[in-house]
């Protein structure tokens, strides 16, 4: 489990907890003893939802952003350690879940937030912190949009024999520029001694 | 429209039946609590009682389904060997994991309703004790606690000194239903947050271990209702609550004391059989884990892919199936799923493993992949294999023409299918219905799939050799495009026999396939038959293909119909 970014799970758990706290708070203000804590839960739940909504950029791999999360980027980056440091989140969520104990509807949200804060401690201990998701550049290409045209190819010479391909049955949607064979070129980047077949031709 | 019914109908029918059962259960149970025997109980709680119990019934039903939908061996059996229903119905069993998720969402919804309503119910029970006025609720709460049939309010008089809502919280923990409820709801929430797509795809082990909290969930769910604290009145004939509520009660009055009994728990009735079946499933897995698996070959492919070729006694598979593999040397508890890449006609079976995490890296190390010299098979780690579990790629042999579309990592199951097709095509003893296969492979680049390109190369070479080149028509689309250097390379090598990038005779295409030209082309080339379309890859492309299948299917006599099948991984 060494390569896991705990913050990803902590984020999901904390977001869920804050929404449950919010819902619990809304229930709690309707005729329960200790309804004041319901008001607290609504406010705290909303704040935590806002802080947890933007997903941090992952160290490895592409990060899938939540809808509209970029709007909160300035808030998150200007907030400094309050919004970006996970130790701060661990401590503040620990404290934030205590008042939820005083009201039954908010109890569940509080306990889930407690779990989230522990996972955040694990994340912070691993050196993780919140990073804004920048523009994720894909490597090895000049364009982000997939090309719809063929790469540049020399025009077919007039006296070429007809192509011997398997494609005569249907139209592939591309102009047919297949030319007759000669010998195969070396493939870029492939190392010959790895090309051990997974398909045993003797078996046929 | 008729084509939509053929492709989509069974799925929506099953969903409809499931929704209808949920709604009828909910409404039925909700109105059951309007009965006279619950009149006094509802005086204490309000309408919340009906809501909570109705949601509880739906929860029972859905918890049963959530377990059944992961009984893979049972589902594989019904899918393959059992011929009770038409194939179009049995195909729906492939969506068992999708159904599992839908049921899980329904469980979350009903849990929310159930917990919310019970908060109000508990407060109502407590108010019955704490209110000073001479209300019916107070009278009911003051009924004696002995004998057992006399009382209706399940809560003992609460601690009135507890500040704010702590009294209610304390009460919640004193009843079994209370603390078990909190425990299982927390288990449910943790299970749900660790099963989101991000966590499942990138940190599989977190998902795997936390999902085993379902054991806690089901164990405490079974005892959740054991105290029977929701009570109903048993002597409604002698003591009609509506008439007697304002009158004096007693043996010498018109209305005797009301008598009550607790509703017995019903969850075990719903869950007994599914739990038993799931235990059998895990038992099968346990037995299989003791069966010896020999690794006969380990192949290192480019881009951090290794191939394990294995042998197991009495292992029988179908193309496109997957297995769960455990390597006790790395972890005694983790089972990881892998698609099989070998064909059933071979003596051995194989999987291709991408080294992307701790477990897969550990596997590569244990198999001594980086040591170049020849390894004796006794040095190979022992593995356990469970499965194989079924998907829908075996159906391709039931069509005359098949269209296979693989996007990115979705190419993996098709390795097995293509190999199997080729074996069957060459087998003179088999009369193969399948005569033509169109294969479309769409990937950003061939990175991590050089082994698959190799496979296509071998197939191509053999087809050329035997003059059977027209069986398989494959098209590779590289969507990531090309850069300046590659462009130059392609331009210069245009006259070559094989493609510069993949080494295959058929040139690679760039960009995305134009389905609006491909589908009509295939339909025109093969009029009047059913064409099976098989896809494995991301959801966005799946819905595009699905739409195209519906769009280009015609129910005319001489038109062709595209039947869409999706793999689920």
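Chains as they are written, first to last, in my numbering: chain W, 1393 to 1596; chain L, 13 to 581. Heads up, the beta-carbon is just placed ideally off N, CA and C, and yes, glycines get one too.
Just how far apart, CA to CA, sit residue i and residue j?
{"i": "residue 235 of chain L", "j": "residue 303 of chain L", "result": "36 Å"}
{"i": "residue 1593 of chain W", "j": "residue 81 of chain L", "result": "Residue confidence is low: residue 1593 of chain W scores 33 on pLDDT, short of 50, so the model does not pin down where it sits. Its coordinate-derived value is still stated next. Using only the alpha carbons, I get a separation of about 39 Å."}
{"i": "residue 35 of chain L", "j": "residue 70 of chain L", "result": "8 Å"}
{"i": "residue 312 of chain L", "j": "residue 318 of chain L", "result": "5 Å"}
{"i": "residue 532 of chain L", "j": "residue 552 of chain L", "result": "21 Å"}
{"i": "residue 1555 of chain W", "j": "residue 469 of chain L", "result": "Because the pLDDT at residue 1555 of chain W is just 44, under 50, the model does not fix this residue reliably, and the point stays unresolved."}
{"i": "residue 1445 of chain W", "j": "residue 244 of chain L", "result": "46 Å"}
{"i": "residue 273 of chain L", "j": "residue 242 of chain L", "result": "9 Å"}
{"i": "residue 1575 of chain W", "j": "residue 479 of chain L", "result": "Any reading at residue 1575 of chain W is ruled out, since the residue's pLDDT is 37, under 50, leaving its predicted position unreliable."}
{"i": "residue 535 of chain L", "j": "residue 564 of chain L", "result": "8 Å"}
{"i": "residue 112 of chain L", "j": "residue 76 of chain L", "result": "11 Å"}
{"i": "residue 22 of chain L", "j": "residue 79 of chain L", "result": "22 Å"}
{"i": "residue 332 of chain L", "j": "residue 415 of chain L", "result": "15 Å"}
{"i": "residue 127 of chain L", "j": "residue 64 of chain L", "result": "7 Å"}
{"i": "residue 524 of chain L", "j": "residue 1450 of chain W", "result": "28 Å"}
{"i": "residue 1403 of chain W", "j": "residue 1508 of chain W", "result": "8 Å"}
{"i": "residue 146 of chain L", "j": "residue 192 of chain L", "result": "34 Å"}
{"i": "residue 47 of chain L", "j": "residue 278 of chain L", "result": "19 Å"}
{"i": "residue 574 of chain L", "j": "residue 1526 of chain W", "result": "42 Å"}
{"i": "residue 442 of chain L", "j": "residue 435 of chain L", "result": "10 Å"}
{"i": "residue 199 of chain L", "j": "residue 257 of chain L", "result": "42 Å"}
{"i": "residue 1447 of chain W", "j": "residue 490 of chain L", "result": "30 Å"}
{"i": "residue 361 of chain L", "j": "residue 504 of chain L", "result": "41 Å"}
{"i": "residue 194 of chain L", "j": "residue 1435 of chain W", "result": "23 Å"}
{"i": "residue 1583 of chain W", "j": "residue 471 of chain L", "result": "Because the pLDDT at residue 1583 of chain W is just 33, under 50, the model does not fix this residue reliably, and the point stays unresolved."}
{"i": "residue 561 of chain L", "j": "residue 481 of chain L", "result": "26 Å"}
{"i": "residue 170 of chain L", "j": "residue 153 of chain L", "result": "11 Å"}
{"i": "residue 27 of chain L", "j": "residue 445 of chain L", "result": "33 Å"}
{"i": "residue 1416 of chain W", "j": "residue 187 of chain L", "result": "21 Å"}
{"i": "residue 259 of chain L", "j": "residue 1482 of chain W", "result": "58 Å"}
For the alpha helix (DSSP H) containing residue i, list its first residue and its last residue.
{"i": "residue 274 of chain L", "result": "Unbroken run through residue 274 of chain L is the beta strand (DSSP E), 272-274; no alpha helix (DSSP H)."}
{"i": "residue 562 of chain L", "result": "551-564"}
{"i": "residue 1480 of chain W", "result": "1478-1488"}
{"i": "residue 529 of chain L", "result": "527-537"}
{"i": "residue 1439 of chain W", "result": "1428-1444"}
When you compare the CB positions of residue i and residue j, do they come within less than 9 Å of one another, or not?
{"i": "residue 450 of chain L", "j": "residue 410 of chain L", "result": "no"}
{"i": "residue 295 of chain L", "j": "residue 341 of chain L", "result": "no"}
{"i": "residue 543 of chain L", "j": "residue 413 of chain L", "result": "yes"}
{"i": "residue 53 of chain L", "j": "residue 164 of chain L", "result": "yes"}
{"i": "residue 1397 of chain W", "j": "residue 215 of chain L", "result": "yes"}
{"i": "residue 60 of chain L", "j": "residue 130 of chain L", "result": "yes"}
{"i": "residue 88 of chain L", "j": "residue 401 of chain L", "result": "yes"}
{"i": "residue 356 of chain L", "j": "residue 329 of chain L", "result": "yes"}
{"i": "residue 1493 of chain W", "j": "residue 178 of chain L", "result": "yes"}
{"i": "residue 218 of chain L", "j": "residue 324 of chain L", "result": "no"}
{"i": "residue 268 of chain L", "j": "residue 253 of chain L", "result": "no"}
{"i": "residue 550 of chain L", "j": "residue 420 of chain L", "result": "yes"}
{"i": "residue 1524 of chain W", "j": "residue 1465 of chain W", "result": "yes"}
Would you mind working out which of the options sits nearest residue i, comparing C-alpha positions?
{"i": "residue 208 of chain L", "options": "W/1401, W/1493, W/1397 and W/1395", "result": "W/1401"}
{"i": "residue 349 of chain L", "options": "L/391, L/467, L/457 and L/220", "result": "L/220"}
{"i": "residue 305 of chain L", "options": "L/275, L/345 and L/394", "result": "L/394"}
{"i": "residue 238 of chain L", "options": "L/276, L/376 and L/269", "result": "L/276"}
{"i": "residue 41 of chain L", "options": "L/163, L/67 and L/175", "result": "L/67"}
{"i": "residue 202 of chain L", "options": "L/214, L/324, L/91 and L/120", "result": "L/120"}
{"i": "residue 29 of chain L", "options": "L/115, L/45, L/50 and L/60", "result": "L/115"}
{"i": "residue 1452 of chain W", "options": "W/1420, W/1512 and W/1399", "result": "W/1399"}
{"i": "residue 307 of chain L", "options": "L/457, L/339 and L/283", "result": "L/339"}
{"i": "residue 463 of chain L", "options": "L/271, L/383 and L/364", "result": "L/364"}
{"i": "residue 425 of chain L", "options": "L/347, L/149 and L/334", "result": "L/334"}
Between which two residues does the beta strand (DSSP E) containing residue i stretch?
{"i": "residue 469 of chain L", "result": "Premise fails: residue 469 of chain L lies in the alpha helix (DSSP H), 462-478, not in any beta strand (DSSP E)."}
{"i": "residue 398 of chain L", "result": "396-401"}
{"i": "residue 1408 of chain W", "result": "Element bounds for residue 1408 of chain W: not the beta strand (DSSP E) but the alpha helix (DSSP H), 1398-1420."}
{"i": "residue 543 of chain L", "result": "542-548"}
{"i": "residue 349 of chain L", "result": "348-351"}
Any heavy atom of the ligand GDP closer than 8 Å to the beta-carbon of residue i?
{"i": "residue 285 of chain L", "result": "With respect to the ligand GDP, the structure offers nothing, as it holds no ligand at all."}
### Task
May I ask you to verify whether the segment 319-329 of chain L touches the segment 275-293 of chain L, counting CB pairs closer than 8 Å and requiring at least 3?
Not touching, per the Cβ criterion.
### Message
I want to know whether the segment 363-373 of chain L touches the segment 429-436 of chain L - three or more CB-CB distances under 8 Å.
### Response
Contact between the segment 363-373 of chain L and the segment 429-436 of chain L is absent: fewer than 3 CB-CB pairs across the two stretches fall below 8 Å.
### Query
Hey, is the segment 1404-1412 of chain W in contact with the segment 1431-1443 of chain W, meaning 3+ C-beta pairs nearer than 8 Å?
Counting Cβ pairs under 8 Å, three or more are found: they touch.
### the segment 246-253 of chain L / the segment 221-231 of chain L touching (three or more Cβ pairs under 8 Å)
Short answer: they don't touch.
### the segment 1419-1427 of chain W contacting the segment 125-144 of chain L, beta-carbon criterion three pairs below 8 Å
Cβ pair count under 8 Å is three or more, so yes.
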